[in-house]
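Engineer: Keeping their order, the protein sequence lines are chains Z and F.
Under the working numbering, residues 1 to 409 are what the first sequence spells out, in order.
Under the working numbering, residues 1001 to 1409 are what the second sequence spells out, in order.
Structure in structure tokens, see below.
There are 2 protein chains.
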Amino acid sequence: MPVLLVVVDGLSDRPVDGKTPLSVANKPNFDRLAEMGINGIMDTIAPGIRPGSDTSHLALLGYDPYRYYSGRGPIEAAGVGIEVKPGDIAFRINFATVEGEGKIFDKVVVDRRAGRIENTEELIEAIRNKVRLPVEFLIEKGTGHRAAIVFRGENLSEKVSDTDPKAVGKKVKKCTALSEEEGAKRLAEIVNEFMQKAHEVLDEHPLNKERADKGLPKANALLLRGAGKMPHVPSFEERFGLKLCVITATALIKGVGKIVGADVVTPEGATGNKNTDLEAKFRAAKNALKSHDVILLHIKATDELGHDGDFDGKRKFIEKLDERISTLFDLNFSETCLIVTADHSTPVKVKDHTADPVPVIIVHEDVRRDEVESFSEFEAYKGGLCRIRGMDLLNIAFDLLNIAKKFGA
Amino acid sequence: MPVLLVVVDGLSDRPVDGKTPLSVANKPNFDRLAEMGINGIMDTIAPGIRPGSDTSHLALLGYDPYRYYSGRGPIEAAGVGIEVKPGDIAFRINFATVEGEGKIFDKVVVDRRAGRIENTEELIEAIRNKVRLPVEFLIEKGTGHRAAIVFRGENLSEKVSDTDPKAVGKKVKKCTALSEEEGAKRLAEIVNEFMQKAHEVLDEHPLNKERADKGLPKANALLLRGAGKMPHVPSFEERFGLKLCVITATALIKGVGKIVGADVVTPEGATGNKNTDLEAKFRAAKNALKSHDVILLHIKATDELGHDGDFDGKRKFIEKLDERISTLFDLNFSETCLIVTADHSTPVKVKDHTADPVPVIIVHEDVRRDEVESFSEFEAYKGGLCRIRGMDLLNIAFDLLNIAKKFGA
Chain Z
1 MPVLLVVVDG
11 LSDRPVDGKT
21 PLSVANKPNF
31 DRLAEMGING
41 IMDTIAPGIR
51 PGSDTSHLAL
61 LGYDPYRYYS
71 GRGPIEAAGV
81 GIEVKPGDIA
91 FRINFATVEG
101 EGKIFDKVVV
111 DRRAGRIENT
121 EELIEAIRNK
131 VRLPVEFLIE
141 KGTGHRAAIV
151 FRGENLSEKV
161 SDTDPKAVGK
171 KVKKCTALSE
181 EEGAKRLAEI
191 VNEFMQKAHE
201 VLDEHPLNKE
211 RADKGLPKAN
221 ALLLRGAGKM
231 PHVPSFEERF
241 GLKLCVITAT
251 ALIKGVGKIV
261 GADVVTPEGA
271 TGNKNTDLEA
281 KFRAAKNALK
291 SHDVILLHIK
301 ATDELGHDGD
311 FDGKRKFIEK
321 LDERISTLFD
331 LNFSETCLIV
341 TADHSTPVKV
351 KDHTADPVPV
361 IIVHEDVRRD
371 EVESFSEFEA
381 YKGGLCRIRG
391 MDLLNIAFDL
401 LNIAKKFGA
Chain F
1001 MPVLLVVVDG
1011 LSDRPVDGKT
1021 PLSVANKPNF
1031 DRLAEMGING
1041 IMDTIAPGIR
1051 PGSDTSHLAL
1061 LGYDPYRYYS
1071 GRGPIEAAGV
1081 GIEVKPGDIA
1091 FRINFATVEG
1101 EGKIFDKVVV
1111 DRRAGRIENT
1121 EELIEAIRNK
1131 VRLPVEFLIE
1141 KGTGHRAAIV
1151 FRGENLSEKV
1161 SDTDPKAVGK
1171 KVKKCTALSE
1181 EEGAKRLAEI
1191 VNEFMQKAHE
1201 VLDEHPLNKE
1211 RADKGLPKAN
1221 ALLLRGAGKM
1231 PHVPSFEERF
1241 GLKLCVITAT
1251 ALIKGVGKIV
1261 GADVVTPEGA
1271 TGNKNTDLEA
1281 KFRAAKNALK
1291 SHDVILLHIK
1301 ATDELGHDGD
1311 FDGKRKFIEK
1321 LDERISTLFD
1331 LNFSETCLIV
1341 TADHSTPVKV
1351 KDHTADPVPV
1361 IIVHEDVRRD
1371 EVESFSEFEA
1381 YKGGLCRIRG
1391 MDLLNIAFDL
1401 LNIAKKFGA
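See below:
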């Protein structure tokens, strides 16, 4: 039964002199999959809509992002391990360095990442223990100087502004209500109270005294941004009666997985960059095939290399991935449905996500094989799938596996 | 002006050793139509969504099944000739044999089809004449042991359970409300009253005494299932200003036709199986071209042969149909738009409907002809239509015929 969905982040491209990293890569195994399967192109959200990795992954898992996406806050918060509940308001956090006299909002940001501090565990623990607010809050460390926070209370509204001024040399911003809702005004007051109290706890913390003594910037303020309200999201198992496993090293994709109730796995050695242990990730995916019904294997580095504008690096990583993908040829395709695709294009020329459709291969014994023999942006559209959307993808797999329900008689 | 829409039920397939009944059939006339027209693949509902024949036919006629489909009850009831009105609650019925003492719900079902009784006319007439309920009801015979009933009253809710235990050796089930709505409790009471009264009428009926004397199972109970509430469905003529004719021998498709206000025609000799008189059906279709604007010609046997898993039978029937389709070559394609397609795939390997897209050909003088020269699952996707949806089909025809209205200025 299982579906193995391999999502190569930002894999596809726009042509540079008529070529893309994927089209010029030496990738015999991807090509063999294209030959074995049915091919097409896919708009993960809709034609011309530039996807984030969060919204596109929601769509690939069958969750309409226009209904279930609520901003990056709740997904990041879920990604760092906070159990976000419907109605919670979540923000992304940077540890930062502020200087000046008076209250937090009189002070100026001198480093938005507090010298890229890593060891924020004690600081976060101190905030948990010493800050008291009119509502409950949950705060967790992210990677490096990052963290996330959730405010939990009745009828709070996410329509409030950031406290991150997004530039050094500027004062910390007051959180203000962006709507007339009572819950927005109330949350803004709570956030501002939190900003001041957290600053007091941090500024006096022994770790920051130590840092100051060593000439390191104090991690003495938290900058909040990207407020989002967690909607009610039915779990994947509730919706489809199937067990989902998400294999990723990327916080944002972990968050998407958590939000839809997946088991999220990060194998040792998986880093989310080009030095990741691909072998460990593919091994984890093959293991998950024994315990789960749908496995999303997320590979991140292609996106990073696209953001870096590194044509050759992207090509090389695709070639490295191609070697690894050969380990999937021993799957039993009368039982397993293998899908290889991307969540969006990240063209090296644009250095950001674009809406150029992604190539998709579906391999299963029962597909109507087409004449495509190569995996690339220039061949995929000739395949038997023509052009589909991200939200259709798992439905197509479930139909192939004969677990789809009939609508009507 | 007219559109002739030939729907070959369950025509398309999944490959068996790379072949399908359609791809291997000798079908020069279908191929010639493919060559003359524009080709594509079509999701009658949406990619990966397995259609029923009812929901897909609604979509093919431009009626969104998510809006207008209300379960099988109302469509079956319309199919057997009941004029179902918005708000009516319809059930499918089996004549059955029950045994035991006491009231209907104390008795056990010993034959769910009452020995496959055919001549239920008198029994139904007796029920009509002798059963009195707090609301109006309409009951009509279907094929064999089947019938349908409609309860008509203010604010009844369809959220009630079946009385059919769906197995022999079990007691007849009481109808119970499946929601808190007052109308569900009320309908359940009415259904239970009907069950008892119908049983009394049937058990004492002379025809059943005769059957008992001959050693045949008495048709002494009615088992109800598949409650659905008829929604408001604007007629085809109201919506499009066009007269629709549906030619079919299949009760479910008759029902779809009735529900959208079509003239439903079943030519003599049309049976809905592989021995149907195809000549009579095509003759009826060509006649209807003179009196109607849109003609849906439904051919059923391919679906049955798919459900039977009969690859060769399906191929042979396609070849028989191919001979008949040659009679359409004398249509004037500067006036008439001919569409040949299916309502869903019924792969012989699956023996049920699947969501694999169906091939579609549109023939008209003004289409942009493509390079497809053969009608099959492996060629259609290369055509100029790419991949469309069932709801789009008539709109495309109306546009070709220049009767589409402009949206905007």
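The beta-carbon is built from N, C-alpha and C at its ideal position, and this holds for glycine as well.
If you run the structure through DSSP and keep just helix, strand and coil, what is H145(Z)?
Structural biologist: In the first sequence, residue 145(Z) corresponds to position 145, counting from 1. H145(Z) falls in the coil class under three-state DSSP.
Engineer: Can you find a C-beta in chain F that's less than 9 Å from the C-beta of I410(Z)?
Structural biologist: In the structure as shown, chain Z starts at 1 and stops at 409, and residue 410(Z) therefore has no counterpart that could be examined.
Engineer: Counting only beta-carbon separations shorter than 9 Å, does V1350(F) have a partner in chain Z?
Structural biologist: Counting from one through the second sequence, the residue named residue 1350(F) turns up at place 350. Chain Z, which has a Cβ nearer than 9 Å to the Cβ of V1350(F), makes this yes.
Engineer: Please list, in chain order, the chain Z residues whose beta carbon lies closer than 9 Å to that of P1028(F).
Structural biologist: As a working note, residue 1028(F) is residue 28 in the second sequence. None at all; the shortest Cβ gap to chain Z is about 22 Å.
Engineer: Strictly under 9 Å for the Cβ-Cβ distance: is T1143(F) near chain Z by that measure?
Structural biologist: By one-based count along the second sequence, residue 1143(F) stands at place 143. Chain Z, which has no Cβ nearer than 9 Å to the Cβ of T1143(F), makes this no.
Engineer: Please report the distance separating the alpha-carbon of V1360(F) from that of E1158(F).
Structural biologist: Counted from its first residue, the second sequence places residue 1360(F) at position 360. Counted from its first residue, the second sequence places residue 1158(F) at position 158. Taking the straight line from one Cα to the other gives about 37 Å.
Engineer: So what does DSSP say about H1057(F), is it helix, strand or coil?
Structural biologist: As a working mapping, residue 1057(F) is identified with position 57 in the second sequence. Note: H1057(F) maps to helix in three-state DSSP.
Engineer: Taking the beta carbon of E1118(F) as the centre, do at least 16 other beta carbons fall within 10 Å, making it buried, or is it exposed?
Structural biologist: In the second sequence, the residue the question calls residue 1118(F) occupies position 118. Exposed is the call here.
Engineer: When Cβ atoms are compared, which residues of the stretch 1214–1232 of chain F fall closer than 8 Å to chain Z?
Structural biologist: none
Engineer: For G1073(F), which option in N1026(F), D1054(F) and L1060(F) has the closest C-alpha, if you only look at C-alpha atoms?
Structural biologist: Here residue 1073(F) corresponds to residue number 73 of the second sequence, with the count starting at 1. Answer by Cα proximity: D1054(F).
Engineer: Could you check whether the Cβ of R1014(F) sits closer than 9 Å to any Cβ belonging to chain Z?
Structural biologist: Walking along the second sequence from the start, residue 1014(F) turns up at place 14. Yes, because at least one Cβ of chain Z sits closer than 9 Å to the Cβ of R1014(F).
Engineer: I believe V80(Z) touches A167(Z) by the beta-carbon criterion, under 8 Å. Please report the beta-carbon distance rounded to the nearest angstrom.
Structural biologist: Along the first sequence, read from residue 1 onward, the residue named residue 80(Z) stands at position 80. Along the first sequence, read from residue 1 onward, the residue named residue 167(Z) stands at position 167. At roughly 25 Å, the Cβ-Cβ gap does not stay under 8 Å, so V80(Z) and A167(Z) are not in contact.
Engineer: Is the stretch 292–307 of chain Z touching the stretch 242–259 of chain Z, taking contact as three or more C-beta pairs under 8 Å?
Structural biologist: yes
Engineer: Going along chain C, which residues have a C-beta under 8 Å from L1252(F)?
Structural biologist: Judged by its chain identifiers, the structure shown contains no chain C, and its protein chains are Z and F.
Engineer: Determine the DSSP secondary structure at A1096(F), reduced to helix, strand or coil.
Structural biologist: Working through the second sequence from its first residue, we reach residue 1096(F) at position 96. It is a strand residue.
Engineer: Please confirm whether V3(Z) has its beta-carbon closer than 9 Å to some beta-carbon of chain F.
Structural biologist: By 1-based counting over the first sequence, the position of residue 3(Z) is 3. Chain F places no beta carbon closer than 9 Å to that of V3(Z), leaving this residue out of the contacts.
Engineer: So F1375(F) and A1227(F) are in contact, right, with Cβ under 8 Å, and what is the actual spacing, rounded?
Structural biologist: Here residue 1375(F) is taken as the residue at index 375 of the second sequence, counted from 1. Here residue 1227(F) is taken as the residue at index 227 of the second sequence, counted from 1. That belief does not hold up - the Cβ atoms of F1375(F) and A1227(F) are roughly 40 Å apart, past 8 Å.
Engineer: Could you tell me the distance, in whole angstroms, from the CA atom of K218(Z) to the CA atom of E304(Z)?
Structural biologist: The sequence position of residue 218(Z) within the first sequence is 218, counting from 1. The sequence position of residue 304(Z) within the first sequence is 304, counting from 1. Cα to Cα, K218(Z) sits roughly 30 Å from E304(Z).
Engineer: How long is the line joining the alpha carbons of A251(Z) and R1067(F), rounded to whole angstroms?
Structural biologist: Your numbering for residue 251(Z) matches position 251 in the first sequence. Your numbering for residue 1067(F) matches position 67 in the second sequence. Across the structure, A251(Z) and R1067(F) are spaced so that their CA atoms are roughly 39 Å apart.
Engineer: Quick one, are the C-beta atoms of D1164(F) and K1174(F) less than 9 Å apart?
Structural biologist: For the purposes of this step, residue 1164(F) is taken as residue 164 along the second sequence, with counting starting at 1. For the purposes of this step, residue 1174(F) is taken as residue 174 along the second sequence, with counting starting at 1. Using a Cβ distance threshold of 9 Å, D1164(F) and K1174(F) do not count as a contacting pair.
Engineer: If I follow the unbroken beta strand (DSSP E) through I1362(F), where does it start and stop?
Structural biologist: Here the question's residue 1362(F) lines up with position 362 in the second sequence. Segment V1358 to V1363, the beta strand (DSSP E) holding I1362(F).
Engineer: Taking 9 Å as the threshold (beta carbon to beta carbon), is G384(Z) in contact with chain F?
Structural biologist: Mapped onto the first sequence, residue 384(Z) falls at position 384. Output row for G384(Z): interface = yes.
Engineer: Residues of chain F with CB closer than 7 Å to the CB of D64(Z), please, in chain order.
Structural biologist: Numbered from its first residue, the first sequence carries residue 64(Z) at position 64. Per Cβ cutoff of 7 Å: no residues; D64(Z) is ~13 Å from chain F at best.
Engineer: Please report the residue range of the alpha helix (DSSP H) in which M1042(F) lies.
Structural biologist: As a working mapping, residue 1042(F) is identified with position 42 in the second sequence. Premise fails: M1042(F) lies in the beta strand (DSSP E), I1038 to D1043, not in any alpha helix (DSSP H).
Engineer: Give a yes or no on whether the minimum CB-CB distance between E1377(F) and chain Z is below 9 Å.
Structural biologist: For the purposes of this step, residue 1377(F) is taken as the residue at position 377 of the second sequence. Closer than 9 Å: yes.
Engineer: What separation, rounded to the nearest whole angstrom, lies between the Cα atoms of A1034(F) and H1344(F)?
Structural biologist: As a working note, residue 1034(F) is residue 34 in the second sequence. As a working note, residue 1344(F) is residue 344 in the second sequence. A straight-line Cα-Cα distance of about 19 Å links A1034(F) and H1344(F).
Engineer: Tell me, please, whether the CB atom of V358(Z) is closer than 9 Å to any CB atom in chain F?
Structural biologist: Translated into the one-based positions of the first sequence, residue 358(Z) becomes position 358. With 9 Å as the cut-off, V358(Z) does not count as an interface residue toward chain F.
Engineer: Near R146(Z), what residues of its chain come up, given a Cβ to Cβ distance below 6 Å and the 5 sequence neighbours on each side ignored?
Structural biologist: Locating residue 146(Z) in the first sequence gives position 146, where the first residue counts as 1. Nothing listed; no residue qualifies.
Engineer: Does G1018(F) get closer than 9 Å to chain Z when you measure Cβ to Cβ?
Structural biologist: Taking the second sequence and counting its residues from 1, one reaches residue 1018(F) at position 18. With its beta carbon less than 9 Å from one in chain Z, G1018(F) belongs to the interface.
Engineer: With 16 as the cutoff for other CB atoms within 10 Å, does T143(Z) come out buried or exposed?
Structural biologist: Taking the first residue of the first sequence as 1, we reach residue 143(Z) at position 143. Exposed: under 16 other Cβ atoms inside 10 Å.
Engineer: Can you pull the DSSP bridge partners for C1175(F)?
Structural biologist: In the second sequence, the residue the question calls residue 1175(F) occupies position 175. Bridge partners of C1175(F): none, in fact.
Engineer: Please report the distance separating the alpha-carbon of L1207(F) from that of K1254(F).
Structural biologist: If you number the second sequence from 1, residue 1207(F) lands on position 207. If you number the second sequence from 1, residue 1254(F) lands on position 254. Cα to Cα, the separation comes out at about 30 Å.
Engineer: Where does K316(Z) fall in DSSP's three states?
Structural biologist: As a working note, residue 316(Z) is residue 316 in the first sequence. Helix.
Engineer: Are the stretch 1029–1044 of chain F and the stretch 1383–1398 of chain F in contact at 8 Å, needing three or more beta carbon pairs?
Structural biologist: yes
Engineer: Ignoring anything shorter than 3 residues, give me the beta strand (DSSP E) runs that lie fully in the stretch 226–314 of chain Z, in order along the chain.
Structural biologist: 244–247, 263–265 and 294–299
Engineer: Spell out the partners DSSP gives S1012(F) in its beta bridges.
Structural biologist: For the purposes of this step, residue 1012(F) is taken as residue 12 along the second sequence, with counting starting at 1. According to DSSP, residue pairing for S1012(F) in a beta bridge involves S1345(F).
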